[in-house]
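Read through the structure below, which is laid out as structure tokens, and then see the notes.
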Amino acid sequence: MDRAAELLHSVFGFPAFRPGQAEIVRSVLQGRNTLAIMPTGGGKSLCFQLPALCREGVTVVISPLIALMRDQVRALRAAGVEAGALTSGNTGEETEEVFQAIDKGRLKLLYMAPERLASGGALALLRRAKCSLIAVDEAHCVSQWGHDFRPDYLRIGELRRALRVPLAAFTATADEETRAEIVTRLFDGEAPVTFLRGFDRPNIHLAFAVKDKPREQILRFAGARRGQSGIVYCATRAKTETLAQALREARHEAVAYHGGMEAEERRQVETRFQREDGLIVVATIAFGMGIDKPDIRWVAHADLPKSIEAYYQEIGRAGRDGSPAETMTLYGPDDIRLRRSQIDEGAAPPDRKAADHARLNALLGLAEALGCRRQVLLGYFGEAAEPCGNCDLCDRPAQLFDATEAVRKALSAILRTGEWFGAGHLIDILTGTATPKVREKGHDRLPTFAVGRDLSKPAWGAVFRQMMGRDLVRPDADRHGALRMTEAARPVLRGEVSVTLRRDTVVAAGEREPVIR
Ligand code: ADP
Ligand code: ZN
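Residues in the sequence shown are numbered consecutively from 1, following UniProt numbering.
The following block contains the structure:
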């Protein structure tokens with residue numbers, strides 16, 4: 001499993017598993033017959049690609065979608081994985097290349113169209129390829145009663161039996177009859193390990209809050225939950241120490257935990273947390289992998305997590321017993337700046353950086369959500385949902401306003417100052433605050449000077465933060481974090497699209513009473 005986690009990162013460039021993936025990967029890695037039902041877009045392919053890389057021999061992937069197979073093969077090859085496809089779309093040359101790779105024993109993944117199975121040589125081919133695992137995508141195609149029935153899928157069961165290899169079947173279709181048919185036809189009626197779990201954890205209350213006075217926010221949140229076991233996640237080791245100290249001074253049982261501590265010391269914290277009630281562990285993301293405590297009542301993030309996947313995984317440690325659990329995630333412009341610069345300054349190739357920025361955008365979209373957070377969260381994983389009634393925005397709907405004018409004023413201030421300044425200075429210009437810096441630069445003579453007096457400074461702060469969250473502007477690390485306009489902002493500037501933003505409400509964490517500024 002360690003190797004799988006490493007490849008997840010090094011080959012696929014993902015920081016964490018998505019919900020459900022780790023369990024499925026483990027089962028397939030162990031060579032167990034596995035049936036996984038996941039929503040479309042949930043990340044099924046990884047669940048056979050990753051085990052394929054870890055196992056001996058070739059994983060044969062059967063999928064009815066030729067275009068999709070070719071895409072996957074292309075993406076795998078780009079990531080340095082030996083993969084090939086045998087489909088009717090192949091040129092003779094491509095097919096020859098696949099056979100050569102098979103005979104040289106280099107291939108890890110062999111994608112096959114179902115019609116290949118019907119031809120007589122299928123079994124011999126799979127033997128020749130040293131097939132050690134069969135993965136079946138869109139496994140519901142084996143169902144004779146479904147819309148997507150593919151008669152060739154009926155051959156898969158025979159092949160599995162003849163080869164005596166494990167089979168992993170994937171589908172997004174969850175109804176019971178289809179499932180039963182898959183079990184009958186692909187697994188000869190012998191129940192495989194089955195994963196059918198929506199991603200929702202309805203007992204976990206979701207909430208985000210803008211960082212105001214983070215230490216006080218965390219103290220208040222923990223204070224309202226005195227005596228309950230909880231985890232506070234921080235971005236840095238140093239912060240775990242200072243926050244744990246602050247919590248102890250407020251008479252909580254609290255300890256720090258991070259990768260820089262001795263293994264023995266870490267083990268002690270883990271054991272204490274497992275056994276005691278009401279201990280707070282203030283930790284970096286190093287904490288949690290092995291934690292299996294059912295009654296963690298709350299999880300707070302003192303800093304914005306790395307991705308939605310990481311967020312989901314970390315809050316998911318709360319409330320495993322099914323009883324109500326609370327979460328709170330703090331975030332602010334500094335988090336956005338930090339995460340952007342971590343991506344920009346990393347060593348990844350440009351397209352992976354772009355993907356990382358897009359993933360960060362998705363997380364910021366959750367932080368700045370206009371409606372039910374659970375809908376946004378589950379939507380990201382491909383699952384549709386109704387407003388949940390158990391998140392901060394269901395408790396208290398956000399106050400929205402048409403911010404098109406405000407955003408255009410802000411963009412104009414950015415452009416007129418050459419994209420060389422941060423939000424603080426830009427807000428001074430917009431609100432007509434003639435600070436020495438504003439005067440020195442002559443920015444009090446700009447046409448944008450004082451055009452934004454209708455909004456308070458905190459309100460402008462919220463506008464700028466949300467603009468960053470929507471990726472309309474990005475801090476540029478090469479310019480000390482100065483805000484620069486992105487392509488996404490052009491249509492707004494041209495007046496082609498409007499922008500709806502939230503009025504900021506600052507909720508005293510741990511209470512639910514809003515203060516509107
Ligand atoms: P499906 O379940 O529909 O086959 P895919 O396997 O195509 O879904 O995955 C959907 C998207 O999710 C892809 O863009 C993939 O790159 C992305 N994805 C899969 N696993 C992860 C992960 N662990 N972290 C981030 N993104 C992921
Ligand atoms: Zn909700």
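Cβ coordinates follow ideal geometry from the N, Cα and C atoms, glycine included.
Keep in mind the model is a prediction, meaning the values are calculated, not measured.
- Relative to L493, the option among L446, D454 and A403 whose CA is nearest is A403.
- The shortest CA-to-CA distance from T486 to any of R474, H480 and V497 is the one to R474.
- Assignment of beta-bridge partners to V473 by DSSP yields M485.
- Residue pairing from DSSP places W298 in a beta bridge opposite G230 and E326.
- Counting along the chain, V407 sits inside the alpha helix (DSSP H) bounded by residues T404 to R416.
- Note on the UniProt domain "Helicase C-terminal" (214-364): whole beta strand (DSSP E) runs with a minimum of 3 residues are 230-233, 254-257, 280-283, 298-301 and 325-331, in chain order.
- A distance below 7 angstroms between beta-carbons, with the five flanking residues on each side excluded, links F149 to the following residues of its chain, in chain order: C141 and S143.
- When distances are taken from the beta-carbon of L46 to the heavy atoms of the ligand ADP, the shortest one is below 7 angstroms.
- In the three-state reduction of the DSSP assignment, V183 falls in the helix class.
- If you look at R74, you'll find it in the alpha helix (DSSP H) that goes I66 to A78.
- Looking only at R237, G230, R251 and K239, the smallest Cα-Cα distance to Q274 is reached by G230.
- A distance criterion of 7 angstroms places the beta-carbon of L378 beyond contact range of the ligand ZN, judged by its closest non-hydrogen atom.
- DSSP assignment within the segment 10-59 yields the following whole alpha helix (DSSP H) runs of 4 residues or more, N-terminal first: 21-29 and 44-54.
- In terms of Cα proximity to I66, the closest of P114, L50 and F99 is P114.
- Beta bridge pairing from DSSP links Y380 with no other residue.
- Linking A168 to A118 through their CA atoms gives a straight-line distance of about 20 angstroms.
- For the set R70, T91 and E93, the Cα lying nearest the Cα of A83 is the one of R70.
- Contact annotation: F221 and Y331 have beta-carbon atoms that are not nearer than 8 angstroms.
- The beta carbon of A286 sits closer than 6 angstroms to those of H258 and G259, all from its chain and outside the five residues before and after it, given in chain order.
- Of all alpha-carbon atoms in R479, M467 and E383, the one lying nearest the alpha-carbon of A489 is that of M467.
- For A169, the uninterrupted beta strand (DSSP E) segment begins and ends at L167 to T171.
- With respect to the 8 angstroms criterion, V497 and V407 are not classified as neighbours on the basis of their beta carbons.
- Following the DSSP letters along the chain, one finds L86 inside the beta strand (DSSP E) bounded by residues A83 to L86.
- Segment contact: the segment 28-40 against the segment 176-196, three or more CB-CB distances shorter than 8 angstroms; contact assigned.
- With respect to the C-alpha of D292, the residue from G319, A283 and T236 having the closest C-alpha is G319.
- DSSP lists A36 as the bridge partner or partners of F195.
- With respect to S307, L247 sits apart: the two C-beta atoms are not nearer than 8 angstroms.
- Under the three-state reduction of DSSP output, T500 falls in the strand class.
- Of the candidates I62, P15, I204 and E23, the residue whose Cα lies closest to the Cα of G322 is I204.
- With three or more CB-CB distances shorter than 8 angstroms, the segment 446-466 counts as touching the segment 407-417.
- Judged by DSSP in its simplified three-state form, V210 adopts strand.
- Taking C-beta separations shorter than 7 angstroms and ignoring five residues to either side along the sequence, the partners of C394 in its chain run C372, P387 and C388, following chain order.
- For A135, the enclosing beta strand (DSSP E) starts and ends at C131 to V136.
- DSSP, read as helix, strand or coil, puts V451 in coil.
- In this structure, the straight-line span from the alpha carbon of L154 to that of D103 is close to 28 angstroms.
- Judged by the Cβ position, N203 fails to qualify as a neighbour of the ligand ZN at the 7 angstroms threshold, every heavy atom of the ligand being at least this far.
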